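For reference, the structure is listed below as structure tokens.
Protein chains in written order, with our numbering: chain Z, 530 to 643; chain E, 530 to 643.
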């Protein structure tokens, strides 16, 4: 039997961002990240990562991440940090500090309750 | 400045599966996970995780994971293990061994080239 450490896998991306693009109709009781204003944030994120040629950062659009009331929601792996950004400035800070300097942006981190 | 270790975040899920649901038209030069037969595999995965009440496993549908030729593709975090399953038996093995016993299924792991 092999453990992950024994497999000694190379790291495919330094950071893998999972950003929720779920859209539910206005007034839906669960809400959704798109209804919470996620669209311009994720567009800004994708453009910024591309413009800065951060080839070690992968941004993947996703379906529901389960904690709809906390949206907009994105997760960054391998750390497993869940972010709730609200503005494009928040996105800039995550890109510059977390992806650029390796320092998670504590004020934007949330811990969803399972 | 805070490191992730200093933040001491609780783990939201024990395993977070990102499974690619991208569908491109037949004959598209990039191909896609849906064209590679992913649909019944991910449906089986979702049903099995639900049936076994694995509440510490989150399965998130995603857009393109960048390595379309290697589809069907799913990633499991926090390990960052990339799997290329081809049958529902492969899915059963990942659920039983990786999520159940904590042992990644080495024969189904691939390492995409960036």
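Note that beta-carbon positions come from the ideal geometry of N, C-alpha and C, so glycine has one too. In this text, all values refer to a predicted model and were calculated from it rather than measured experimentally.
Three-state secondary structure (DSSP) of residue 597 of chain E | helix
In this structure, what does DSSP give as the bridge partners for residue 506 of chain E?
-> Limits of chain E in this structure are 530 at one end and 643 at the other, which puts residue 506 of chain E out of reach.
Exposure label - residue 599 of chain Z; buried when at least 16 CB within 10 Å | buried
What residues in the region 541 to 570 of chain E bring their beta carbon closer than 9 Å to a beta carbon of chain Z?
-> 541, 542, 545, 547, 549, 550
Let me know the secondary structure DSSP gives residue 586 of chain Z once reduced to three states.
-> strand
Express the C-alpha separation of residue 551 of chain Z and residue 623 of chain E in angstroms, rounding to a whole number.
-> 27 Å
Buried or exposed for residue 564 of chain E, please, with buried defined as at least 16 other CB atoms from any protein chain shown within 10 angstroms of its CB.
-> buried
Cutoff 8 Å: residue 600 of chain E Cβ touching any chain Z Cβ | no
Are the beta-carbon atoms belonging to residue 605 of chain Z and residue 546 of chain Z less than 8 Å from one another?
-> yes
By DSSP, does residue 646 of chain E sit in helix, in strand, or in coil?
-> No information on residue 646 of chain E is available, as it lies outside the stretch 530 to 643 that chain E covers here.
Whole-angstrom distance between residue 620 of chain E and residue 614 of chain E, CA atom to CA atom = 6 Å
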